[in-house]
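Numbered per our numbering, the sequence shown finishes at 437, counting up by one with no gaps.
The C-beta atom is built at its ideal place from N, Cα and C for all residues, glycine as well.
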Amino acid sequence: MKKYIRFIKKIIRIILPSEGLINYFWHLPIEWLYAVRYGFPGRKITVIGVAGTKGKTTTAYFIAQLLESIGKRVALYSTAAVKIAGKEELNTEKMTTPGRGFMQRLLLRAVRAQCEYAILEISSHGLKQFRLIGIPFPVVIFTNMMPDHLDYHKTDRDYTFSHQRMIGPKTKVVAINGEDAQLRKLRITGTHTIIFGKGDGCDMRINNVEGESGGTSFTLSYLSKTIPLYIRTLGIFNVYNATAALAALRGIGVDILELRENIKALIPAPGRMESIPNEYGYTVIVDYAHSPDSFDQVLKTMKPQTKGNLIAVTGACGDRDARVRPVMGKLLGQYCDYVVLTNDDPYTEDPEKIIQELHEGIRTVLTMKEEKSYWIIMDRRSAITKGLSLAKSGDIVMILGKGAEQWQVFKDKRIPWDDREVARELLNEKKRGTLQK
């Protein structure tokens, strides 16, 4: 069946070479038929959509946890994990918003499990290809908006306005990051808008952000009240994610003033600033950061927390915008003391070419402690081994790019993979004295 569908799509692409025509004459009718087939399940549950360039996964995960903490039955679909009525599993799809009726089937499962809310992480690809047709979004969260996926969207304008499709007649509340200029270009009318951020004009205003050991404290000004809050994860970006989650709950009528204790219990999504415990006095963190902005945010956050050296093990994804790779390399050179470059998911690209483009960026700064402070090790397991072998007490090892993804993808194969499990295995080998340097 899949081969048959792929064959038809090839014929369609010959007849309709324009991406826009393919979306309207192929994706739209196909996804609409799936919505009809499954009985429009999105109309039988309150759907909260989370979109934006960065922070979607963590924000969606936080929303689900907060709803569960007040006794609500929820479903969650995110890049990292899928949860329905308390049963959680890792997402093995390697896709934020799968097509061919996937989201309709997921919502049908949620309805049958008697879930009251479904929190969906939404991609611009999924919106442009109508994978969410027939699903109303009473509450929409926009975390931020910056140029991304330009290999697909071609222009910033197309990327931004693909997100406009989330806002429909059933949308009651839209929460946006008030500091994001791109988001202000969206046409938001006929709905209640909640603006969050640090600016004076924000409805939910963030202040007094302080990184602490293992977490972050901040205050949130809302409805003439100031609430002191604490989250058990680092980074100003996670403060924004938590605030966006609170805005979502406010959007469905929950009094967020009563959630002060609930927010303390929030944990990050799998593979998002996830700490891997060890007994050696250094910190090992696995994170999904895979773009210049996310590199900047994560490394900038962790550098002041590092008592010793900041060590990064990372690569870059293939078949994506290659122009960002030297920028990512430059950030690694600026923030890190040691860097191990390795394979991510090269897809159809030459893995060595990807690494060399990252390497170019590192060499433009080279502010690391010594000239021999970066290594190129193509095998990812060996690269993580090298990163861990460099670490001493007080150091931080950042394993970046894949988070909790369950596969590593090459041109002709997919191999099972999990950075977190590999790190745990290698730390156990070190404990047994068998870790190879």
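### Query
Would you report the Cα separation of P41 and Y34, rounded to the nearest angstrom?
11 Å
### Message
Distance check for Y374 and E360, CA to CA, integer angstroms please.
### Response
12 Å
### Query
Ends of the alpha helix (DSSP H) at H125?
124 to 128
### Task
Measure how close the beta-carbons of A244 and T143 come, nearest whole angstrom, since I'm counting them as under 8 Å.
6 Å
### Query
Which same chain residues, not among the five before or five after I188, have their C-beta less than 8 Å away from its C-beta?
I167, V174, I176
### Message
I'd like to confirm the pairing. Which residues does DSSP put opposite E210 in its beta bridges?
### Response
S217
### Message
Using the three-state DSSP reduction, which class does G199 fall into: helix, strand or coil?
### Response
G199 falls in the coil class under three-state DSSP.
### Query
Is G215 near R232, with beta carbons less than 8 Å apart?
yes
### Task
Compare the beta carbon distance of I45 and E116 with 8 Å and say whether it is the shorter of the two.
yes
### Chain-order list of residues whose beta-carbon lies under 7 Å from that of D296 (same chain, five-residue window excluded)
L331
### Query
What is the DSSP secondary structure of L257, counted as helix, strand or coil?
Three-state result, L257: helix.
### Query
Is it true that the CB of I399 sits closer than 8 Å to the CB of D419?
yes
### Query
When the Cα of R131 is compared with those of A247, M378, W32, R157, which residue comes out closest?
W32
### Query
Are the stretch 273 to 284 and the stretch 61 to 78 touching by the rule of at least three beta carbon pairs closer than 8 Å?
no
### Task
Decide if the stretch 385 to 403 is in contact with the stretch 297 to 312; the criterion is three or more beta carbon pairs, one per stretch, under 8 Å apart.
Touching, yes.
### Task
With DSSP collapsed to three states, give me the class of Y117.
strand
### Query
Within 10 angstroms of its Cβ, does P292 collect 16 or more other Cβ (buried), or is it exposed?
buried
### Message
Since L108 and A118 should fall inside the 8 Å C-beta cutoff, what is the C-beta to C-beta distance between them, to a whole number of angstroms?
### Response
Not really, about 11 Å apart at Cβ, beyond 8 Å.
### Query
What's the C-alpha gap between L388 and E121?
33 Å
### Message
Could you tell me the alpha carbon to alpha carbon distance between V111 and T342, rounded to whole angstroms?
### Response
43 Å
### Task
Verify whether the separation of the beta carbon atoms of I252 and V324 is less than 8 Å.
no
### Message
Pull the bridge partners of P228 from the DSSP assignment, please.
### Response
T219, per the DSSP bridge assignment.
### Task
For D158, name the three-state secondary structure that DSSP assigns.
In the three-state reduction of the DSSP assignment, D158 falls in the helix class.
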